[in-house]
Amino acid sequence: MAAKLQFVKEDQPIRFFKKDLRLQTHAGYEYVQSRFKPLERLRNVEFNRDWSLPFFISPADEHLSNAGFRLTDKAGSRIKYDVFNYNRSDKYNGFRHQLDLYTMAKGFKITQLISLTTNNTPVQNGTYLRPTIDISKLLPKYRNIQVGVNYSGEHNRQHNKVTDTLSPFSFAFNVWQAYIKSDELKLNKWGISYFTRNDHYPLAKALIKADRSDNYSFFTELLKSDKRQLKLNVTYRKLHIFNTQLSRQKADESLLGRAEYFVNEWKGLLTGNILYEVGAGQEQKREFTFVEVPAGQGEYTWNDYDSNGVRELNEFEIALFPDQRKYIRVNTPTNQFVKANYVQFNYNVDLSPRVIIDIAKAKGFKKLLSRSSSSSSLQILKKISLR
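Here's what the structure looks like:
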């Protein structure tokens, strides 16, 4: 069995520091028995990660309670606080505090979200801090250009009680960004941003800085015209490595670019779009193995050409007959990174004569055109891995 209760009291007027505010309070409780199997996903995708739990975890009786409040004023500013407690019958117990703040101060828009989770089990305890803050300002004198800075990060420290060291699942990263954007209410817009990110990985009792990346981005959207529209996005990234033992990547420079062009001419007679995308950087090296499955459910067969009884990769072939289809190929990402370049090009063009022909008056060849249409499309994808 499973059960969920939630109590909410909406829009209660209060006066605080000579300001009229609206108060919302809520509290809830949720119970899930270990034998309960939902037909659809019960938790959100990030639930286990939020509580520093592994992706696969054995069933247990779960108790999840929460309480919180939200204060808002007439200007739209708000402050919201929530506290959660998650308890499992396998002796896991965790608390999460979450603070959400939005306000305007002297023309600056400030948005802040801070989450702090503490957890405790018989073998480990830890803290998981996730702060996010964004400060921006609109410049009416400069055509409503928006400038801003923001910071986001995650600091997850899981301490193993037995070995007195940090768990391999501990990590941390920090992202600092500065940006400038045109008026977001206009159809034609552009933006430039720079952000840097550093990653930290566990070594004994500390999180050690392993790498840092510098990223420069530019985008533009020209959507004012109904006939021709363009979207362009370009990012350049430079990666610096500080600890080769902790970072699986190598110092590298990469470039990503994407351009989309849309056309709608002659009242819709000609419509289409063109996409061009290019990328150069690193990706995880993949290895593949062959796994045996019931006959008929696979795709490959094994031929022991050298008669040594060892299933070597070059001895698997696509099966010709259903009873030989005993193996499937499984791709596995590795801890190694390799250089990879790719180019993608797509286009799609449609011709619809009916939109410019009066069907009621059309005769002969025009009538035939009004009942016809033409479509052309092409997709090209090229990828090169430099091993």
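Numbering (the working numbering), first residue to last: 883 to 1269. Each residue gets a CB set at the ideal place from its N, CA and C atoms; glycine is no exception.
When we look at the beta-carbon of N1038 and count the other beta-carbons within 10 Å, is it buried (16 or more) or exposed?
As a working mapping, residue 1038 is identified with position 156 in the sequence shown. Burial state of N1038 is buried, judged by a 10 Å Cβ sphere holding 16 or more other Cβ atoms.
If you run the structure through DSSP and keep just helix, strand and coil, what is F929?
As a first step, residue 929 must be located in the sequence shown, where it is residue number 47. Of the three classes helix, strand and coil, the one that applies to F929 here is helix, per DSSP.
Cα-Cα separation, K1019 to F1077:
Here residue 1019 corresponds to residue number 137 of the sequence shown, with the count starting at 1. Here residue 1077 corresponds to residue number 195 of the sequence shown, with the count starting at 1. A direct Cα-to-Cα measurement between K1019 and F1077 gives close to 18 Å.
Which whole runs of the beta strand (DSSP E) in the stretch 1127 to 1179 are 3 residues long or more, in chain order?
Listed in chain order, the beta strand (DSSP E) elements of length 3 or more contained wholly in the stretch 1127 to 1179 are 1134 to 1147, 1152 to 1174.
Would you tell me roughly how many angstroms separate the C-alpha atoms of V1212 and E1194, rounded to the nearest one?
In the sequence shown, residue 1212 corresponds to position 330, counting from 1. In the sequence shown, residue 1194 corresponds to position 312, counting from 1. Computed Cα separation, rounded: 14 Å.
Range covered by the alpha helix (DSSP H) that runs through V1249
Working through the sequence shown from its first residue, we reach residue 1249 at position 367. The sequence given here places Lys at residue 1249; Val does not occur at that position. Counting along the chain, the alpha helix (DSSP H) containing K1249 begins and ends at 1246 to 1252.
In whole angstroms, what is the alpha-carbon distance linking Y1143 and L1112?
Sequence index remark: in the sequence shown, residue 1143 carries index 261 (1-based). Sequence index remark: in the sequence shown, residue 1112 carries index 230 (1-based). The straight-line gap from Cα to Cα measures roughly 5 Å.
What number of angstroms, rounded off, separates the C-alpha of R904 from the C-alpha of A949?
Taking the first residue of the sequence shown as position 1, residue 904 is located at position 22. Taking the first residue of the sequence shown as position 1, residue 949 is located at position 67. Rounded to whole angstroms, the gap between the alpha carbons of R904 and A949 is 17 Å.
Within a Cβ cutoff of 6 Å, which residues of the same chain sit near P1004, ignoring the five residues on either side of it in sequence?
Taking the first residue of the sequence shown as 1, we reach residue 1004 at position 122. Taking P1004 as the centre and dropping the five residues before and after it, the same chain places the C-beta of K973 closer than 6 Å to its C-beta, in chain order.
Does the separation of the CB atoms of I1090 and Y1098 fall below 8 Å?
Locating residue 1090 in the sequence shown gives position 208, where the first residue counts as 1. Locating residue 1098 in the sequence shown gives position 216, where the first residue counts as 1. The answer is no: Cβ separation not under 8 Å.
Could you tell me which residues DSSP pairs with L1260 in its beta bridges?
To locate residue 1260, count along the sequence shown from 1; it is residue 378. According to DSSP, which records beta bridges pairwise, L1260 is partnered with Y1229.
Leaving aside the five residues before and after H1122 along the sequence, list all residues of the same chain whose C-beta is less than 8 Å from its C-beta, in chain order.
As a first step, residue 1122 is located in the sequence shown; it is residue number 240 there, counting from the start. The residues are D1093, R1094, S1095, D1096, A1133.
DSSP three-state call for Y1024: helix, strand or coil?
Counted from its first residue, the sequence shown places residue 1024 at position 142. In the displayed model, Y1024 falls within a helix according to three-state DSSP.
If we ignore side chains and look at the alpha-carbon of each, how far apart do I1062 and R1012 end up?
If you number the sequence shown from 1, residue 1062 lands on position 180. If you number the sequence shown from 1, residue 1012 lands on position 130. The alpha-carbon atoms of I1062 and R1012 are separated by roughly 25 Å.
Which partner residues of F966 appear in the DSSP bridge assignment?
As a working note, residue 966 is residue 84 in the sequence shown. Looking at the DSSP assignment, F966 forms a beta bridge with N948, R978.
Three-state class that DSSP yields for V1237 in the structure shown
For the purposes of this step, residue 1237 is identified with residue 355 of the sequence shown, where counting begins at 1. Helix.
Does the beta-carbon of K1208 have 16 or more other beta-carbons within 10 angstroms, so that it is buried, or is it exposed?
On the sequence shown, position 326 is the one that residue 1208 refers to. Residue burial is scored here from C-beta neighbours: K1208 has at least 16 other C-beta atoms within 10 angstroms and is therefore classed as buried.
Out of N1056, K991, N969, point me to the one whose CA is closest to V1029's CA.
As a working note, residue 1029 is residue 147 in the sequence shown. In terms of Cα proximity to V1029, the closest of N1056, K991, N969 is K991.
If we call anything under 8 Å between Cβ atoms a contact, is T1153 one with D1240?
Taking the sequence shown and counting its residues from 1, the one referred to as residue 1153 is at position 271. Taking the sequence shown and counting its residues from 1, the one referred to as residue 1240 is at position 358. No, these two residues do not count as a Cβ contact at 8 Å.
Identify which residue in K1106, G1178, L1048 has its Cα closest to the Cα of A1088.
Counting from one through the sequence shown, the residue named residue 1088 turns up at place 206. The candidate whose alpha carbon is nearest that of A1088 is L1048.
Inside the stretch 1056 to 1096 only - beta strand (DSSP E) runs reaching at least 3 residues
Unbroken beta strand (DSSP E) stretches of 3 residues or longer found wholly inside the stretch 1056 to 1096: 1070 to 1085, given in chain order.
Take V1160 and list the residues in its own chain whose beta-carbon comes closer than 6 Å to its own, dropping the five residues that flank it on each side.
In the sequence shown, residue 1160 corresponds to position 278, counting from 1. Answer for V1160: G1139, V1225, listed in chain order.
Please name the residue in L887, V927, S934 whose C-alpha comes closest to that of Y913.
Residue numbering aside, residue 913 sits at position 31 when the sequence shown is read from its first letter. Y913 has its Cα closest to that of L887, out of L887, V927, S934.
Exposure label - L1067; buried when at least 16 CB within 10 Å
Along the sequence shown, one-based indexing puts residue 1067 at 185. So L1067 counts as exposed.
Compute the distance between the beta-carbons of V1057 and R1025, then report whether it is under 8 Å.
Within the sequence shown, numbered from 1, the residue matching residue 1057 stands at position 175. Within the sequence shown, numbered from 1, the residue matching residue 1025 stands at position 143. V1057 is not a Cβ neighbour of R1025, given a cutoff of 8 Å.
For T907, the residue or residues it bridges with in DSSP:
Walking along the sequence shown from the start, residue 907 turns up at place 25. Answer by DSSP bridge pairing, in chain order: K891, F951.
L924 versus A884 - alpha carbon distance:
The residue given as residue 924 occupies position 42 in the sequence shown. The residue given as residue 884 occupies position 2 in the sequence shown. Here the alpha carbons of A884 and L924 stand approximately 10 Å from one another.
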